[in-house]
Structures are given as C-alpha cells and as structure tokens.
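Written out below as structure tokens is the structure these notes cover.
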Amino acid sequence: MQARRGSAVDALVVAAAEPDGVVLTSDLGDLTALAVHAHGVRIARV
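Residue 85 in the numbering used here sits at position 6 of the sequence shown, with consecutive numbering throughout.
Right under this line is the structure:
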C-alpha cells in the first residue's frame, strides 16, 4: 500500500491518538504511513 500526500489533519489525527490506540478511517494509506512513527498507534478501516 502506497500513501499519497498526507495532510496536516492526518498528522494531527495520528499524533492525538492514545498510545496503543486505534484510529478508525477510510484513508488507510496516508494514516498508516504516519502511524509507523507513532508509539503503538494502529489504523483500521471503517
């Protein structure tokens, strides 16, 4: 899966996620690419 160009909103969503938390989204690519840099944040499709 290749991410497009994530937005500042995507970065804020991942940054605001709780450690070991899950972010629910339909935009898996961009958020997953950002989440690899966050502690334990997982991304799941809704």
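Ideal Cβ placement from N, Cα and C applies to all residues, glycine included.
Less than 8 Å between the C-beta atoms of residue i and residue j, yes or no?
i: A117; j: V93; result: yes
i: L103; j: V125; result: yes
i: G85; j: L113; result: yes
What's the gap between the Cα of residue i and the Cα of residue j?
i: D99; j: L110; result: 15 Å
i: A95; j: I122; result: 13 Å
i: A115; j: S105; result: What sits at residue 115 in the sequence shown is Val, not Ala. C-alpha separation (whole angstroms): 17 Å.
i: E97; j: V120; result: 7 Å
I'd like the ranges of any beta strand (DSSP E) spanning at least 3 consecutive residues and lying wholly in the segment 82-114.
101-104
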